[in-house]
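Residue numbers (full-length UniProt numbering), protein chains in the order written: chain A, 1 to 223; chain B, 1 to 420. C-beta: ideal position from N, C-alpha, C; glycine also.
#1: Is DSSP giving residue 286(B) helix, strand or coil here?
#2: Please report the Cβ distance between residue 39(A) and residue 28(A), rounded to the nearest whole angstrom; I am assuming they are in contact, meaning their Cβ atoms lie under 8 angstroms.
#3: Under a Cβ-count criterion, where at least 16 other Cβ atoms within 10 Å of its own Cβ denotes burial, should residue 229(B) be classed as buried or exposed?
#4: Below 8 angstroms on the Cβ atoms is my guess for residue 152(B) versus residue 213(B); work out the distance and round it to an integer in Å.
#5: Which residue comes first and which comes last in the alpha helix (DSSP H) that contains residue 302(A)?
#6: Determine, using beta carbons only, whether residue 133(A) and residue 142(A) come nearer to each other than 8 angstroms.
#7: Among 167(A), 131(A), 179(A), which residue has its Cα nearest to the Cα of residue 154(A)?
#8: Where do the N-terminal and C-terminal ends of the alpha helix (DSSP H) with residue 320(B) fall, by residue?
#9: Given that residue 401(B) touches chain A, what residues does it touch there, using C-beta distances under 9 angstroms?
#10: What does DSSP give as the partner residue(s) for residue 418(B) in the beta ladder?
#11: Based on DSSP bridge pairs, tell me the residues matched to residue 58(A).
#12: Using only alpha-carbon positions, find the residue among 93(A), 212(A), 205(A), 202(A) that is nearest to residue 162(A).
#13: Taking the Cβ atom as the reference point for each residue, do residue 423(B) and residue 320(B) lie within a distance shorter than 8 angstroms?
#14: Less than 8 angstroms between C-beta atoms, sequence neighbours within five positions excluded: which residues of the same chain meet that for residue 114(B)?
#15: Please classify residue 90(A): is it buried, with 16 or more other beta-carbons within 10 angstroms of its beta-carbon, or exposed?
#16: For a test of the three-state rule: what should DSSP assign to residue 366(B), helix, strand or coil?
#17: Going along the chain, which residues of its own chain have a beta-carbon closer than 8 angstroms to the beta-carbon of residue 373(B), five neighbours each way excluded?
#18: Considering only residues of the same chain and omitting the five flanking positions on each side of residue 71(B), which have a CB-CB separation below 6 angstroms?
#19: Would residue 251(B) be called buried (16 or more neighbouring beta carbons within 10 Å of its own) or exposed?
#20: Return the CA-CA distance between residue 305(B) and residue 168(A), expressed in angstroms with no decimal places.
#21: Any beta carbon of chain B sitting closer than 8 angstroms to that of residue 209(A)?
#22: Between the stretch 180-189 of chain B and the stretch 157-170 of chain B, can you find at least three pairs of beta-carbon atoms closer than 8 angstroms?
#23: What residue does the alpha helix (DSSP H) around residue 52(B) start on, and which one ends it?
#24: Is there a Cβ of chain A sitting closer than 8 angstroms to that of residue 251(B), yes or no?
#25: Let's test the definition: count the other Cβ atoms within 10 Å of the Cβ of residue 233(B) and tell me whether it reaches 16, buried, or not, exposed.
#26: Can you tell me the Cα-Cα spacing of residue 308(B) and residue 388(B), whole angstroms?
#27: Against chain A, with Cβ distances strictly below 8 angstroms, would residue 225(B) count as a contact?
#28: Flag this pair as yes or no: are the beta carbons of residue 419(B) and residue 355(B) separated by less than 8 angstroms?
#29: So which residues of chain B does residue 76(A) contact, with C-beta pairs closer than 7 angstroms?
#30: Could you check if residue 259(B) is buried or exposed, using at least 16 other CB atoms within 10 Å of its CB as the buried criterion?
#31: Using a Cβ-Cβ distance under 8 angstroms, would residue 215(A) count as near chain E?
#32: Are three or more beta carbon pairs between the stretch 290-300 of chain B and the stretch 321-335 of chain B nearer than 8 angstroms?
#33: Kindly indicate the opening and closing residues of the beta strand (DSSP E) around residue 313(B).
#34: Give me the Cα-Cα distance between residue 116(B) and residue 99(B), rounded to the nearest whole angstrom.
#35: Cβ of residue 172(A) within 8 angstroms of Cβ of residue 160(A)?
#36: Check the DSSP bridge columns for residue 74(B) and list the partner residues they point to.
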């Protein structure tokens, strides 16, 4: 899967690239508007991650260009401008998702995965991790081909973990993924522990291996 | 008081003495004229009488004639060369009242004898005159009043129309739609000046507003970007498998604090944006649905603390708020009610078409009323996940969108009420 990262801040660009490449994506980068336009006209990408504020132009215009090229690439806007107009105009132009800076790399990765699944297979695909199979269309999870029943949150957690396999995922990233903006109302992350405990238990009862490792004081690693 | 009512009133106050003075002047003038006329008539009459008396014989009964209008009395006084006029009042039997008369008197000599001759004419018309003048004046005054009121009404409808038009526009002025508001030229010079000034003012305010909006957004951009970089670097650093537990923990904590900083930045910006009215009211979100949504979102938190949530909700409660702010209002108040509650505590929520009340039990004492909605005023020892802006944001939403937000502490319950 090819991803184009359009971001003018070199440090952030490299972080995103490093994380995504580690998760198996082929990444290309563009540092400004012109480079972005050149790349989207010359090559095909499965997913474009675009910042809005760019030197020499706006990320919104890159989206316009992509749409005029009838590109099938999924588009995720990453912007520091948490302004509603930007978000709305971005989505109206045909962006598929919007992420406000700062964001967790694991969240960006999970969103790209979900978007590509939606785009390329209309959700008609399954995600596999050793003995675990997730069928997003029906939200079913199979362990050793045996269906297990998960709550909505447990299912979301599992999909998130598989997308970010082998990586340390912080508790706050998990909380943000499950509860969105409202998660800072939570007061503590204790409740995540409950969900993870249940997920672990259900998968192990079905004969699965315990892939969720607690990373001391920080979060979890899957696989 | 309306400007026109005021000018009409002033007009009446000024016109009253003018009319009274006019009436007095007219009365005086007419009175003098009547007196003059009467006197002339009396003098004429006297001349006739003298001519007649000269030819009359002495045994003529005229020499013993006594009426109110004519008297001829023998007298010893010397003959007067000129007659005298004066005004008298005499008792009238028929009317049982005294009536004014003009009197001409002269001592004359007829056939060698002296007589006091008195001629009188009734001035009863004088009363009628006064009455008539007052009637005329009242009539004129009343007519003028009706005319003034009618013309004012006409003026207010026509001449003042551009003024009221501008006024309506100012009333409907919204900060974020200001550039679309133009105060059009009118046929009246003064209103043109006013509208010109208003145009300049709205342009200036709009420019300031745009500048401020840009500043807040640029500030957000400038701050969020380094935060995003630091955040991403820490996340990558966490992936290093050679890290010790202590190092992992430190990175985790640093990352946590960075997020707090970014939330703080986000919330301060939110406050500024609400203050700038950057969230226009375009629809009326149903608070009932928002509440249900957040109750289910916070379900785990409620379950984990084993809280009892009692709700009395109307089926629909559309509030004039931006949907994003409706979310913030509900999530902040509900979040607080959960966060600051104790284990097995209670939350009571009432929602009507106009009011939203949420009360919760808590170990925290009453919040001083002066502090409750203040920024960074935290009374929440042991709740490190608060940035002290949640209630300030709720209050700011209230101030900017005409929603009354209040706090009470009754019988150990912290009660927050929002009413629109």
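A quick look at the data gives this:
#1: Your numbering for residue 286(B) matches position 286 in the second chain. In the structure shown, residue 286(B) sits in a strand (DSSP, three-state: E or B).
#2: Locating residue 39(A) in the first chain gives position 39, where the first residue counts as 1. Locating residue 28(A) in the first chain gives position 28, where the first residue counts as 1. About 6 angstroms; that satisfies the 8 angstroms criterion.
#3: Here residue 229(B) is taken as the residue at index 229 of the second chain, counted from 1. So residue 229(B) counts as buried.
#4: The count along the second chain starts at 1 and reaches residue 152(B) at position 152. The count along the second chain starts at 1 and reaches residue 213(B) at position 213. About 45 angstroms; that fails the 8 angstroms criterion.
#5: Given that chain A is displayed from residue 1 to residue 223, the structure contains no residue 302(A) and the question cannot be resolved.
#6: The residue given as residue 133(A) occupies position 133 in the first chain. The residue given as residue 142(A) occupies position 142 in the first chain. Contact: yes.
#7: To locate residue 154(A), count along the first chain from 1; it is residue 154. Residue 154(A) has its Cα closest to that of 179(A), out of 167(A), 131(A), 179(A).
#8: Taking the first residue of the second chain as 1, we reach residue 320(B) at position 320. No alpha helix (DSSP H) contains residue 320(B), which DSSP labels as neither H nor E.
#9: For the purposes of this step, residue 401(B) is taken as the residue at position 401 of the second chain. Here the premise fails: no neighbours, minimum Cβ distance about 16 angstroms.
#10: As a working note, residue 418(B) is residue 418 in the second chain. Paired residue(s): 356(B), 405(B).
#11: Sequence index remark: in the first chain, residue 58(A) carries index 58 (1-based). Note: residue 58(A) sits in a beta bridge opposite 53(A).
#12: To locate residue 162(A), count along the first chain from 1; it is residue 162. Nearest option by C-alpha distance: 212(A).
#13: A query on residue 423(B) cannot be resolved here, the shown segment of chain B reaching from 1 to 420 and no further.
#14: Counted from its first residue, the second chain places residue 114(B) at position 114. Hits under 8 angstroms: 74, 75, 76, 77, 78, 79, 107, 108.
#15: Residue numbering aside, residue 90(A) sits at position 90 when the first chain is read from its first letter. The residue in question, residue 90(A), is buried, as its Cβ has 16 or more Cβ neighbours within 10 Å.
#16: In the second chain, counting from the first residue as 1, residue 366(B) sits at position 366. The answer is coil: DSSP assigns residue 366(B) none of H, G, I, E or B.
#17: Within the second chain, numbered from 1, the residue matching residue 373(B) stands at position 373. So the list reads 391, 392, 394, 395, 405, 407, once near-sequence residues are dropped.
#18: In the second chain, the residue the question calls residue 71(B) occupies position 71. Taken in chain order, the residues that qualify are 118.
#19: Translated into positions along the second chain, residue 251(B) becomes position 251. The residue in question, residue 251(B), is buried, as its Cβ has 16 or more Cβ neighbours within 10 Å.
#20: Against the second chain, residue 305(B) aligns to sequence position 305. Against the first chain, residue 168(A) aligns to sequence position 168. The straight-line gap from Cα to Cα measures roughly 28 angstroms.
#21: Start at 1 with the first residue of the first chain, and residue 209(A) comes out as number 209. No, because no Cβ of chain B sits closer than 8 angstroms to the Cβ of residue 209(A).
#22: yes
#23: Counting from 1 along the second chain, the entry for residue 52(B) is found at position 52. Counting along the chain, the alpha helix (DSSP H) containing residue 52(B) begins and ends at 3-55.
#24: To locate residue 251(B), count along the second chain from 1; it is residue 251. Yes, because at least one Cβ of chain A sits closer than 8 angstroms to the Cβ of residue 251(B).
#25: The count along the second chain starts at 1 and reaches residue 233(B) at position 233. The residue in question, residue 233(B), is buried, as its Cβ has 16 or more Cβ neighbours within 10 Å.
#26: Taking the second chain and counting its residues from 1, one reaches residue 308(B) at position 308. Taking the second chain and counting its residues from 1, one reaches residue 388(B) at position 388. Rounded to whole angstroms, residue 308(B) to residue 388(B) spans 26 angstroms at the Cα level.
#27: Counting from 1 along the second chain, the entry for residue 225(B) is found at position 225. Chain A, which has a Cβ nearer than 8 angstroms to the Cβ of residue 225(B), makes this yes.
#28: Locating residue 419(B) in the second chain gives position 419, counting from the first residue. Locating residue 355(B) in the second chain gives position 355, counting from the first residue. The answer is yes: Cβ separation under 8 angstroms.
#29: Position 76 of the first chain, counted from the start, is the residue given in the question as residue 76(A). Simply none; closest approach about 14 angstroms.
#30: Counted from its first residue, the second chain places residue 259(B) at position 259. Buried, by the Cβ-count rule.
#31: Any reference to chain E falls outside this structure, whose protein chains are A and B.
#32: yes
#33: Numbered from its first residue, the second chain carries residue 313(B) at position 313. From DSSP, the beta strand (DSSP E) with residue 313(B) extends over 308-313.
#34: Counting from 1 along the second chain, the entry for residue 116(B) is found at position 116. Counting from 1 along the second chain, the entry for residue 99(B) is found at position 99. Each residue's alpha carbon lies about 22 angstroms from the other.
#35: Start at 1 with the first residue of the first chain, and residue 172(A) comes out as number 172. Start at 1 with the first residue of the first chain, and residue 160(A) comes out as number 160. Not closer than 8 angstroms, so no.
#36: Position 74 of the second chain, counted from the first residue, corresponds to residue 74(B). BP columns for residue 74(B) point to 115(B).
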